[in-house]
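With my numbering, the residue at position 184 of the sequence shown is 1631, and numbering never jumps.
First comes the structure, then the notes that go with it.
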Amino acid sequence: MINVILFGPPGSGKGTQADFIVERNHLTHISTGDIFRKNISQTTNLGQLANEYMKKGQLVPDQLTIDLLENELDSFSDTNGFIFDGFPRTIPQADAFSTLLKTKNMFVSFIISLEVSENELVRRLLRRGLESGRADDQNEEIVRNRIQVYEKQTSVLKAYYLNHLPNIVFSIDGERTIEKISNDISNILSTKQG
Ligand code: AMP
């Protein structure tokens, strides 16, 4: 089993790269943002609650997100592994995640950190907002707030993982072509099979 955490600010290309990894390695893609958006479009209670935070560019509360992730993991019993995109995003989420994985006798195989400068992120997110109509990508203030939330609450996870799992953290320059980035990730993942 290969379990990959794709780590990086909003707009760093996690979703795009996750699609490549899924295709090449037949992993199950878990994006907490996608699950929240699905719940919003289906107007579930969870979706309505999550939307209160998402529309402001804030993080959904930890416990809600952790419970969601746990349910999602339980729903896939037969898989080569998972790619976690947008989770964990806080230290409490990372702590809960490591406890959860232990109970399932699962391990994180790779943590891939996509590095992109703030100006490039804003440019990409606003473009995505125009192309996809995604609500939280359309307003520059919300976009900048999401990047700030990332800097304050999520970026510390890189040091956290460098401290806990130093041998499996890989930093990648995310400002190159999609192909170059996906080749780099592919090479890293090929160092471990099954
Ligand atoms: P994403 O699609 O990963 O950029 O996530 C979009 C939004 O969903 C974020 O701005 C948060 O409001 C919410 N979200 C997604 N994943 C998480 C998470 N792990 N913890 C808290 N909020 C999350």
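Positions of the beta carbon are idealized from the N, C-alpha and C atoms, including for glycine.
Small disclaimer: the values here were computed from a predicted structure and weren't measured.
Check	Outcome
Given a threshold of 16 other Cβ atoms within 10 Å of its Cβ, counted over all protein chains shown, does P1613 qualify as buried or as exposed?	exposed
Would you please state the rounded distance, in angstroms, between the beta carbons of F1454 and S1560? I believe it to be under 8 Å.	5 Å
Mind listing, in chain order, the continuous beta strand (DSSP E) runs of no fewer than 3 residues lying wholly within the stretch 1505-1532?	1528-1532
Please tell me whether F1529 and L1474 are closer than 8 Å, where the distance is taken between their beta carbons.	yes
On the criterion of 16 or more Cβ atoms from any shown chain inside 10 Å, does M1501 qualify as buried, or is it exposed?	buried
How is the beta strand (DSSP E) around D1620 delimited, first residue to last?	1616-1620
If you count every other CB in all the chains shown that lies within 10 Å of the CB of K1461, and 16 or more means buried, which is it?	buried
Flag M1501 as yes when its Cβ comes closer than 7 Å to any non-hydrogen atom of the ligand AMP, and as no otherwise.	yes
What do you reckon, are the CB atoms on P1691 and L1604 nearer than 8 Å?	Residue 1691 lies beyond the residue range present for the chain, which begins at 1448 and ends at 1641; the question has no answer from this structure.
Check whether the Cβ atoms of P1457 and R1591 lie closer than 8 Å to each other.	no
Just to confirm, does P1457 get its C-beta within under 7 Å of one of the non-hydrogen atoms of the ligand NAD?	In the structure on display, the ligand NAD does not appear, and the ligands it does have are the ligand AMP.
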